[in-house]
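Chains as they are written, first to last, in the numbering used here: chain B, 59 to 358; chain R, 3 to 273.
One structure is given here, and the rest of the page talks about it.
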Amino acid sequence: MSITISNISKSYKEVNALNNISFEVKKGELFGLIGPDGAGKTTLFRILTTLLIADEGEATVAGFDVVNDYKSIRNHVGYMPGRFSLYQDLTVEENLNFFATIFGTTIEENYDLIKDIYVQIEPFKNRRAGKLSGGMKQKLALSCALIHKPKVLFLDEPTTGVDPVSRKEFWEMLKRLQQKGITILVSTPYMDEAALCDRIALIQDGKILEIDTPEEIVKHYPKTLYNVRANKMYELIENLKGYEHQYSVYPFGEFVHYSDTRADFDPEALKQYLEAKKLTDIIIEITEPTIEDTFMELAK
Amino acid sequence: MKKENVIQAKNLTKKFGDFTAVDAITFEVGQGEIFGFLGANGAGKTTAMKMLIGISIPTSGAAEVANFDVFTQAEEIKKNIGYMSQKFALYDDLTVKENITFYGGIYGLSRERIKEKRCQLVEELGLQEVVDELVSSLPLGWKQKLAFSVALLHEPKIIFLDEPTGGVDPITRRQFWEMIYKTANDGTTVFVTTHYMDEAEYCDRVSIMVNGKIEALDTPKKLKEQFEAETMNDVFLKLARSPSPALPKGKGEINSNLNEYELKKSSPLGR
Chain B
59 MSITISNISK
69 SYKEVNALNN
79 ISFEVKKGEL
89 FGLIGPDGAG
99 KTTLFRILTT
109 LLIADEGEAT
119 VAGFDVVNDY
129 KSIRNHVGYM
139 PGRFSLYQDL
149 TVEENLNFFA
159 TIFGTTIEEN
169 YDLIKDIYVQ
179 IEPFKNRRAG
189 KLSGGMKQKL
199 ALSCALIHKP
209 KVLFLDEPTT
219 GVDPVSRKEF
229 WEMLKRLQQK
239 GITILVSTPY
249 MDEAALCDRI
259 ALIQDGKILE
269 IDTPEEIVKH
279 YPKTLYNVRA
289 NKMYELIENL
299 KGYEHQYSVY
309 PFGEFVHYSD
319 TRADFDPEAL
329 KQYLEAKKLT
339 DIIIEITEPT
349 IEDTFMELAK
Chain R
3 MKKENVIQAK
13 NLTKKFGDFT
23 AVDAITFEVG
33 QGEIFGFLGA
43 NGAGKTTAMK
53 MLIGISIPTS
63 GAAEVANFDV
73 FTQAEEIKKN
83 IGYMSQKFAL
93 YDDLTVKENI
103 TFYGGIYGLS
113 RERIKEKRCQ
123 LVEELGLQEV
133 VDELVSSLPL
143 GWKQKLAFSV
153 ALLHEPKIIF
163 LDEPTGGVDP
173 ITRRQFWEMI
183 YKTANDGTTV
193 FVTTHYMDEA
203 EYCDRVSIMV
213 NGKIEALDTP
223 KKLKEQFEAE
233 TMNDVFLKLA
243 RSPSPALPKG
253 KGEINSNLNE
263 YELKKSSPLG
273 R
């Protein structure tokens, strides 16, 4: 196991940031921690990277205990915090050199690991880190987190606020790193990114809701789910919410995801109800649940 | 039924030195419309939005927002629009009640009206228990819903939302969109930027900016047809993956970061 977490709890004054969390990440796995702001993701990252001590429970990273062997862990993990944490007044190259030196290595020694990523920012290597665009900062931070060839990489919300194109590129980079044998624990509030992980943990309010592969997680959705569409979105949502047999009503792109409390639900009856409410162009069809549907069901 | 346009932009342009952040964009937004304003990081969205809300003077072109001119009537625009961003929306070190009162005052509402609005808003959002709590203690989702309502206190014709739902949990994100639908249904125009492509589908019309230009503008349905794509995410990936070099994009982001700094420094009206 690359990471083991058993019964970890952490509180800040009255806030229970993590509540008895346990899971394991296998060697070479790309593991996603999926949950909204305030779920406890960052607290867990800080505990695993030895920057914070848990109130209760134990954890190991790359075989080292997070409390007793904290110095060894720091030599063997890379950590990219959610907030940009490089030296803004050093250049791109100076930052990278600095982190390499700290870990007793050189850029040249591990260049093959960061090459793919670093070549994209190399044209700006004399620019100060503080003057880089968001996407370039992200690439520099990842390069710095990798320069000492870590066994485990921790990425805390690397794609928050990043546009879909850059997000896609970032995940492609992660997949390539994984192929080089690095274990990756990554957190994200974007549910669509969950599908790109080997396994995921859904986390909310300091509790793990579910841990499994993305494919298995969506199978746990308990209802038959329907896509519903009509000519007017707002009226459609309002009327579905007012329908006495509704179990869940959530807008989902161009559709509303609807599930019904009854086992013998007949879509035709719902259609008639909506027509009586003067909606037109009604479509009701069965659809596959997504991780987001499952998350919302579990978080209910 | 032809509805009045609340935003009209014609060849609106903003240059920083020799770099063109916004390159002659032309579009209109109608009353009660939900208008999605999309683009990759650094495409020029924030710069364009700043011109429309009256805190950045365009280099050239023309635009009217709520029937006021962006060149000569910026102060009038600020009074007649609502604005909320993910980064800065409410004062963390004021309570819920104080924030509402403060913004009501800024927008020139009478004491009575503020009180009335405050009661209504607290009830609608179910904030009775936390009305005297500091905003910093609220969960992000509550903060965003409160910020949205506060930006509507003075009943503006149009509300600008800059990535209002980033990092918010999926249920709250949807509650937030239901508030958007309701607002638009009541006749207020909603101008919104987002990185969630499922949210782009919720908009009446969507524009996509690439390197300072509006490269596509239509209903989500028509855009999907035009680009032969299943989802808005695919449309976005097809369009926004521009072949241009990284340099101008980078420059654009630096400029927009500088503007953010100016935005924070500027008057509370320019939230």
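Beta carbons: idealized from backbone N, C-alpha and C, even for Gly.
None of the values given here were measured: they were computed from a predicted structure.
Can you name the residues of chain B whose CB is closer than 7 Å to the CB of residue i?
| i | result |
| --- | --- |
| Trp179 of chain R | Pro309 |
| Tyr109 of chain R | Ordered by position in chain B, no residue passes the 7 Å Cβ test against Tyr109 of chain R, which lies about 26 Å from the chain. |
| Met199 of chain R | Pro222 |
Indicate whether at least one CB of chain R lies closer than 7 Å to the CB of residue i.
| i | result |
| --- | --- |
| Val223 of chain B | yes |
| Phe142 of chain B | no |
| Phe6 of chain B | Here chain B has residues from 59 to 358 only, and residue 6 of chain B is not among them. |
| Gly264 of chain B | no |
| Glu350 of chain B | yes |
| Thr218 of chain B | yes |
| Tyr145 of chain B | no |
| Gly98 of chain B | no |
| Val212 of chain B | The question names Val, yet the displayed sequence has Phe at residue 212 of chain B. Not an interface residue. |
| Tyr292 of chain B | yes |
| Ser317 of chain B | no |
| Gly192 of chain B | yes |
| Lys84 of chain B | no |
| Pro208 of chain B | no |
| Pro139 of chain B | no |
| Pro325 of chain B | no |
| Pro247 of chain B | yes |
Are any of the Cβ atoms in chain B nearer than 7 Å to that of residue i?
| i | result |
| --- | --- |
| Ile182 of chain R | no |
| Ile173 of chain R | yes |
| Ala218 of chain R | no |
| Gly252 of chain R | Note that Gly252 of chain R scores 38 on pLDDT, short of 50, meaning its location in the model is unreliable; the coordinates nonetheless yield the value given after this. It does; some Cβ of chain B falls within 7 Å. |
| Ala242 of chain R | yes |
| Gly34 of chain R | no |
| Ala50 of chain R | no |
| Gln176 of chain R | Residue identity check: residue 176 of chain R is Arg in the sequence provided, not Gln. At least one chain B Cβ lies under 7 Å of Arg176 of chain R. |
| Ala91 of chain R | no |
| Gly44 of chain R | yes |
| Asn213 of chain R | no |
Under 9 Å Cβ-Cβ, which residues of chain R neighbour residue i?
| i | result |
| --- | --- |
| Asp95 of chain B | Pro141, Leu142, Gly143, Gly168, Gly169, Val170, Asp171 |
| Phe353 of chain B | Asp171, Pro172, Ile173 |
Below 6 Å CB to CB, which residues in the same chain sit around residue i once its five sequence neighbours on both sides are set aside?
| i | result |
| --- | --- |
| Gln10 of chain R | Glu30, Glu66 |
| Ser245 of chain B | Leu91, Lys99, Asp214, Glu215 |
| Ser246 of chain R | In this prediction, Ser246 of chain R scores a pLDDT of 44, lower than 50, which makes its location untrustworthy; the coordinate-derived value is nonetheless stated afterwards. Within the same chain, Ser246 of chain R has close Cβ partners Asn213. |
Please go through the same chain and pick out, in chain order, the residues whose beta-carbon is closer than 8 Å to the beta-carbon of residue i, but skip the five residues on each side of it.
| i | result |
| --- | --- |
| Glu232 of chain R | Lys226 |
According to the neighbour-count rule (16 or more other Cβ atoms, all chains shown, within 10 Å of its Cβ), is residue i buried or exposed?
| i | result |
| --- | --- |
| Asp95 of chain B | buried |
| Pro158 of chain R | buried |
| Pro272 of chain B | buried |
| Tyr169 of chain B | exposed |
| Cys393 of chain B | There is no way to answer for residue 393 of chain B, as the model of chain B reaches only from 59 to 358. |
| His197 of chain R | buried |
| Thr164 of chain B | exposed |
| Cys205 of chain R | buried |
| Asp25 of chain R | buried |
| Gln130 of chain R | exposed |
| Tyr46 of chain B | No answer is possible for residue 46 of chain B: it lies beyond the span of chain B, which begins at 59 and ends at 358. |
Under 7 Å between beta-carbons, which chain R residues line up against residue i? List them in chain order, please.
| i | result |
| --- | --- |
| Glu312 of chain B | Glu203, Pro222 |
Below 7 Å on C-beta distance, what does residue i contact in chain A?
| i | result |
| --- | --- |
| Ala64 of chain R | The question asks about chain A, but that chain is absent: this structure's protein chains are B and R. |
Closer than 8 Å by beta-carbon distance: list the chain B residues that pair up with residue i, in chain order.
| i | result |
| --- | --- |
| Leu239 of chain R | Pro222, Val223, Lys226 |
| Glu165 of chain R | Gly219 |
Residues in its own chain within less than 7 Å of residue i by CB, not counting five upstream and five downstream?
| i | result |
| --- | --- |
| Gly143 of chain R | Val170, Asp171, Thr174 |
| Leu298 of chain B | Val286, Gln304, Val307, Val314, Tyr316 |
Along chain B, in chain order, which residues have C-beta atoms closer than 9 Å to that of residue i?
| i | result |
| --- | --- |
| Thr233 of chain R | Gly311, Glu312 |
Could you work out which residues of chain R lie near residue i, taking near to mean beta carbons separated by less than 8 Å?
| i | result |
| --- | --- |
| Ile341 of chain B | Under the 8 Å cutoff, chain R gives no residues; its nearest Cβ is about 13 Å from Ile341 of chain B. |
Quick one: which unbroken beta strand (DSSP E) runs of 3-plus residues sit fully inside the region 54 to 114 of chain R? Chain order, please.
62 to 67, 83 to 87
Where are the beta strand (DSSP E) runs, 3 residues long or more, that stay fully inside the region 199 to 242 of chain R, in chain order?
The qualifying runs are 207 to 212, 215 to 220.
Counting only runs that start and end within the region 146 to 188 of chain R, where is the beta strand (DSSP E) found for 3 or more residues in a row?
160 to 164
Where in the region 293 to 346 of chain B do unbroken runs of the alpha helix (DSSP H), each at least 4 residues long, occur, reported from the N-terminal end onward?
325 to 334
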